[in-house]
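This report refers to the structure that appears directly beneath it.
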Amino acid sequence: MSEQGKILIVDDEPLIRDALAFKLTKDGYQVDTAEDGEKAIEMVEGSTYDIIISDVMMPFVSGFELLKILKERGTEAPVLLLTSLNSENAVLKAFDLGADDFMTKPFSPNELSVRIKKLMSKK
Amino acid sequence: MKRFFTQAYYYFLAQEPRYQVAIIMVILLLLLSVVLIFIVLRERTRKAFYESRSKRLRNRIEPIVQEIVFGNLVNGRLNNAIRKLNRSISSGNKSINHEILNDLMVYYHRNIGGESAQKLESIYRHVNLKDERLELVKKGDWAVRSKAITDLGTMNMREALFEVLQYADDRNEYVRNEAQYAAVKLGGIKALSFLDHIKEPISEWQQIRLLDECLKFEYHLLQRIEDWMRSDNDSVVFFALKVVRNANQYQGSQTITKLFTHKNQRIQVKALQTSVDLGLKEHLAEMLGRYQKANTDIRVVIIRAIGELGDASYLPFLQEIVEKSKEYKEVMEAAEALKRLGHKSLLADMRETLRDNNRKIVEHALDERI
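Set out below in structure tokens:
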């Protein structure tokens, strides 16, 4: 495991997934990626992550459903949801389901880095 | 082979006319199928070629763009990366390459903000994508033009505002809509100056898009709002009323009363509703003055406004409608207005003195089960 921490990025959009992976690898994290919620659940079962960053709008298993499943299974890694839904309901639902942080797209990668550092320091 | 065709020809001539027609039809259909298969295969090959080329180019340029946007490059290394990007898109079919890079950057900009978005904007200018989009806006067909305008708006090319504004009243609805939307994105609420002169209508959906964009900006006092409410273009008047209502432009409230007598009845209704939504009690006297000459639909809106904004001084007016009006909608609305003003008991007392029809309507209004 890298010194900075290990992060799982879950997003069905390859461009965003790759861009985030590039940015966070540059920041010194070890990064794994998953293209949907199902794959993410498999990866979380097979490995330990310090933070999980997930998109909300995904096919098969949405970010909200993924969050719910992870919390039910007792995953301790903080979850940061990333979405283009910026309604109050979406934010409330995310925190209600146990999200540790929430960002709306378009998001600032630098702000994301700061938020990740903050989540890491809370662990 | 020649012998085969000669025999086939004589065989064809020996047939009855109806079989000859059938044979000709079968041959024509076979030929048509071959042509269609050829076209489909050619299109598929072309598409596959384009997709594989796009994929290859994207694989090549994506890491460079990522390096520039997220890599904290400075001076020499940044210039090298931009040169590398320029080289990658200069080989082969330039216009396709530029289109692929454009789409990639627009996609990133839609999802990424902050300093990274500013870097994207900077590269967009450096690799001349902005100038190319401006060319397309002038030369392309409507689909190309509207996409180019959308891209300029998404990429926040503020210096293109003047060019974009030229298309805010374009005859093509799609070009016009995208130009108006991009203008507001690029120039903020001040870019709404196109409303001063547009002749083409703004669709209801477009008004909502523009309003949504306007509400993202800080509050501005719109000096021109009263002119927009006097516009000959009814859709501009509608939009102005929406802006007054949603962006708290109270300075336009005096002009709203002039719209109570607008030639377009939908505007009259919208103006009355706007007064109610803004809680402009001082407009009630104007509404009452309009009441006698108005048709039932407008009268109903006025009665509803009195129910929302009025006070006890309007009770005689409402009572008179409940007693004397022969229009179901007016009586019902007046009864509801009396209820809203807190005079349900007065309505109940009136019941016995009313005509049969009006009494039934009032009973209906008083019925709590409904």
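As given, the protein sequences belong to chains D and U, one line each in that order. Taking numbering that gives the first Met the number 0, the leading residue of the first sequence gets 0, the next gets one more, and so forth. Taking numbering that gives the first Met the number 0, the leading residue of the second sequence gets 0, the next gets one more, and so forth. From the three backbone atoms N, C-alpha and C, an ideal C-beta is built for every residue, glycine too. Because the structure is a prediction, the values reported are computed rather than measured.
{"Item": "Beta-carbon proximity of residue 299 (chain U) to residue 332 (chain U), cut-off 8 Å", "Value": "yes"}
{"Item": "Three-state secondary structure assigned by DSSP to residue 256 (chain U)", "Value": "helix"}
{"Item": "Cβ contact check for the stretch 93-112 of chain D and the stretch 66-85 of chain D: 3 or more pairs under 8 Å", "Value": "yes"}
{"Item": "Collapsed DSSP secondary structure at residue 100 (chain D) in the structure displayed", "Value": "strand"}
{"Item": "Proximal residues of chain U, C-beta to C-beta of residue 101 (chain D) below 9 Å", "Value": "Correct list: empty, because the minimum Cβ distance to chain U is about 15 Å."}
{"Item": "Secondary structure of residue 215 (chain U), DSSP reduced to three states", "Value": "coil"}
{"Item": "Other residues of its chain near residue 178 (chain U): CB distance less than 6 Å, five sequence neighbours each side excluded", "Value": "148, 163, 166, 167"}
{"Item": "Neighbour flag for residue 79 (chain D) against chain U, beta carbons, 8 Å", "Value": "no"}
{"Item": "Assigned exposure category for residue 152 (chain U) - 16 Cβ within 10 Å defines buried", "Value": "buried"}
{"Item": "Residue 83 (chain U) versus residue 63 (chain U) - alpha carbon distance", "Value": "8 Å"}
{"Item": "CB contact check: residue 58 (chain D) to chain A, cutoff 8 Å", "Value": "No chain A is present in this structure, whose protein chains are D and U."}
{"Item": "Alpha carbon of residue 20 (chain U) to alpha carbon of residue 13 (chain U), nearest angstrom", "Value": "13 Å"}
{"Item": "Cutoff 7 Å; reference residue 208 (chain U); Cβ partners in own chain excluding five residues on either side", "Value": "180"}
{"Item": "C-alpha distance - residue 123 (chain U) paired with residue 97 (chain U), whole-angstrom precision", "Value": "11 Å"}
{"Item": "Cβ-Cβ distance between residue 242 (chain U) and residue 213 (chain U) below 8 Å", "Value": "yes"}
{"Item": "Three or more C-beta pairs below 8 Å linking the stretch 341-353 of chain U and the stretch 318-327 of chain U", "Value": "yes"}
{"Item": "Buried or exposed (CB count within 10 angstroms, at least 16 for buried), residue 144 (chain U)", "Value": "buried"}
{"Item": "Outcome for residue 240 (chain U) when other beta-carbon atoms lying within 10 angstroms are tallied against a minimum of 16", "Value": "buried"}
{"Item": "Candidates D:34, D:54, D:78, of which the one nearest residue 47 (chain D) by Cα", "Value": "D:78"}
{"Item": "Sequence-distant residues of the same chain with beta carbon closer than 8 Å to residue 353 (chain U), five excluded per side", "Value": "321, 322, 361"}
{"Item": "Beta carbon proximity, residue 181 (chain U) to chain D, threshold 8 Å", "Value": "no"}
{"Item": "Residue 41 (chain D) at chain U interface by Cβ criterion, 8 Å", "Value": "no"}
{"Item": "Residue 5 (chain D): first and last residue of the uninterrupted beta strand (DSSP E) it sits in", "Value": "5-9"}
{"Item": "Alpha-carbon to alpha-carbon, residue 263 (chain U) and residue 233 (chain U)", "Value": "8 Å"}
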